[in-house]
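Numbering (the UniProt record's numbering), first residue to last: 1 to 375.
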Amino acid sequence: MKRYYSICCYLLVLLFVLTSCNQSSKKVDSRFIQKYQKKDLEYAKGFEIFNSDKDQVLRIYNGKANDSTYQEFKLVREKLAGDKSPNTIQVPCEKIICLSSTQLTYFFALQDINRIVATNSSRHLFHEGINKRIEDGSVKRVGKEGHFNTELIAGLNPDLIIVSPYKSGGYDALKNLGIPLVPMAAYDEKSPLGRAEWVKMIAPFVGKEKQADSLFQKIAFRYDSLKTLTKKVKIRPTVFSGKMKSGTWYVPGGKSFYANYFRDAGAKYIIEDAKQGAYPLGFESVYTKAANADFWRILVPEPLGFGRKALIEQDVRYADFKAYKKGNVIMCNIREKPYYEQNAMKPDVILADYIHFFHPDLLPDYKPEFYEVLK
Numbered sequence: 001m002k003r004y005y006s007i008c009c010y011l012l013v014l015l016f017v018l019t020s021c022n023q024s025s026k027k028v029d030s031r032f033i034q035k036y037q038k039k040d041l042e043y044a045k046g047f048e049i050f051n052s053d054k055d056q057v058l059r060i061y062n063g064k065a066n067d068s069t070y071q072e073f074k075l076v077r078e079k080l081a082g083d084k085s086p087n088t089i090q091v092p093c094e095k096i097i098c099l100s101s102t103q104l105t106y107f108f109a110l111q112d113i114n115r116i117v118a119t120n121s122s123r124h125l126f127h128e129g130i131n132k133r134i135e136d137g138s139v140k141r142v143g144k145e146g147h148f149n150t151e152l153i154a155g156l157n158p159d160l161i162i163v164s165p166y167k168s169g170g171y172d173a174l175k176n177l178g179i180p181l182v183p184m185a186a187y188d189e190k191s192p193l194g195r196a197e198w199v200k201m202i203a204p205f206v207g208k209e210k211q212a213d214s215l216f217q218k219i220a221f222r223y224d225s226l227k228t229l230t231k232k233v234k235i236r237p238t239v240f241s242g243k244m245k246s247g248t249w250y251v252p253g254g255k256s257f258y259a260n261y262f263r264d265a266g267a268k269y270i271i272e273d274a275k276q277g278a279y280p281l282g283f284e285s286v287y288t289k290a291a292n293a294d295f296w297r298i299l300v301p302e303p304l305g306f307g308r309k310a311l312i313e314q315d316v317r318y319a320d321f322k323a324y325k326k327g328n329v330i331m332c333n334i335r336e337k338p339y340y341e342q343n344a345m346k347p348d349v350i351l352a353d354y355i356h357f358f359h360p361d362l363l364p365d366y367k368p369e370f371y372e373v374l375k
């Protein structure tokens with residue numbers, strides 16, 4: 001009996017402690033909310049910005065399912081003397097390093113590239129301005145994951161480095177430099193407009209919040225207008241995506257980023273599961289689902305002039321798909337088109353490209369910018 005009462009008392013004390021901790025946490029959140037006003041975001045889920053009269057707080061979330069952890073950065077107009085915290089960043093920044101071309105797209109959109117002092121590589125970059133700065137030495141190439149030139153990076157003394165949270169190699173060495181590492185997690189967004197709205201995350205670092213808000217509103221308005229065109233279409237063509245790579249076909253899930261694009265463009269994606277990411281399948285599994293699909297969408301890094309014959313040379317089984325037989329393979333070749341450095345900020349353009357192929361009568365005079373029929 002005594003043991004029973006002891007256990008009960010222990011549980012009551014534990015419950016009291018946990019309740020007290022929760023209440024304390026809520027009080028902290030309440031004080032934070034009183035000091036800061038949360039910026040309204042329409043589509044992006046991976047970050048939040050809180051504004052006050054003196055500073056801003058940026059939170060970037062993990063992005064994994066059921067994981068609400070985040071990294072927090074304090075953005076200040078003037079950094080206090082002696083504040084060496086890598087999570088306190090004085091804005092607007094003067095020197096920024098981008099470790100991916102997909103990050104550069106937001107600076108291109110804001111027409112602000114002079115702050116970029118280094119990037120990981122200039123391969124497949126089309127932007128004339130940034131290429132010119134690389135050629136004259138204004139923008140350095142600092143290597144790739146696991147092989148960063150840390151001495152060069154330290155010598156540049158950047159205000160921050162924008163990193164990809166999906167690639168961990170080499171970042172430990174960068175952490176030792178004491179330079180703020182800000183993750184760009186736009187890739188986790190499941191909606192095209194969600195990715196585009198990350199321009200609002202970049203904006204405080206270059207002092208262009210108003211420009212970013214205005215730019216995004218224009219993009220969202222056009223995207224939604226195009227989406228409205230397809231809502232009442234009676235016939236929705238079927239579509240599948242990707243191709244074999246090293247013996248595996250990575251298929252976007254039924255709730256993925258690409259699936260949402262296809263639906264908004266008035267097509268029916270052949271995968272109807274609830275998965276948000278891509279997952280591997282064998283050829284036979286894909287063929288069972290996609291053999292009679294109307295369209296086939298591919299994104300390739302192939303030599304100039306890549307066409308139907310070259311595709312079949314990669315795998316003769318491709319010729320069995322109805323979409324191939326009917327000439328409905330739509331392709332974007334990243335060696336010919338600036339897809340990776342522009343797509344995040346051009347969801348309206350990509351949507352128009354898809355609609356042009358799926359429902360040509362809706363946009364009769366439109367000329368696709370990224371995609372073309374495989375010739």
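We put the CB at the ideal spot given by N, CA and C, even for glycine.
Treat the numbers as computed from the prediction; the structure is a model and nothing was measured.
- Distance between Asn343 and Gly254, taken at the CA atoms: about 21 Å.
- Shown here for Ser122: same chain residues with a beta carbon closer than 7 Å to its own, the five before and five after excluded, namely Asn131, Ile134, Arg141 in chain order.
- Counting other Cβ atoms within 10 Å of its Cβ, Thr248 stays below 16 and is therefore classed as exposed.
- Per the coordinates, the alpha-carbon of Leu362 lies some 46 Å from the alpha-carbon of Ser52.
- Distance from the Cα of Pro204 is smallest, within the candidate group Val91, Phe47, Asp40, Glu369, for Val91.
- Counting only residues of its own chain and dropping the five nearest sequence neighbours on each side, Ala274 has a CB closer than 7 Å to the CB of Gly254, Lys255.
- Counting along the chain, the unbroken beta strand (DSSP E) around Val117 starts and ends at 116 to 119.
- Counting the other CB atoms within 10 Å of its CB gives Ile162 a total of 16 or more, which places it among the buried residues.
- Contact fails between the stretch 67 to 82 and the stretch 214 to 226, because fewer than three Cβ pairs, one in each stretch, are under 8 Å apart.
- The stretch 326 to 338 and the stretch 204 to 216 do not touch, with fewer than 3 CB-CB distances between them shorter than 8 Å.
- In terms of Cβ geometry, Ala323 and Ala293 form a close pair [threshold 9 Å].
- Leu58 and Asn87 have their alpha carbons spaced roughly 10 Å apart.
- In this model, Glu42 and Asp188 are separated by some 16 Å (Cα to Cα).
- By the criterion of at least three beta-carbon pairs nearer than 8 Å, the stretch 347 to 366 is in contact with the stretch 255 to 266.
- The Cβ atoms of Asn328 and Phe306 lie no closer than 9 Å to each other.
- Under the three-state reduction of DSSP output, Met244 falls in the strand class.
- By the neighbour-count definition (other C-beta atoms within 10 Å, threshold 16), Leu75 is a buried residue.
- The beta carbon of Thr150 lies closer than 6 Å to those of Ala173 in the same chain, with the five residues before and after it left out.
- Cβ neighbours of Leu351 within its own chain (closer than 8 Å, five residues either side excluded): Pro192, Tyr223, Leu226, Lys227, Tyr261, Asp264, Ala265.
- A residue is called buried when at least 16 other Cβ atoms come within 10 angstroms of its Cβ; Thr102 meets this threshold and is buried.
- In the DSSP assignment, the residues bridged to Glu72 are Arg59.
- DSSP places Arg317 in the helix class (H, G or I) of the three-state scheme.
- Rounded to the nearest whole angstrom, the CA to CA distance from Val300 to Asp55 is 43 Å.
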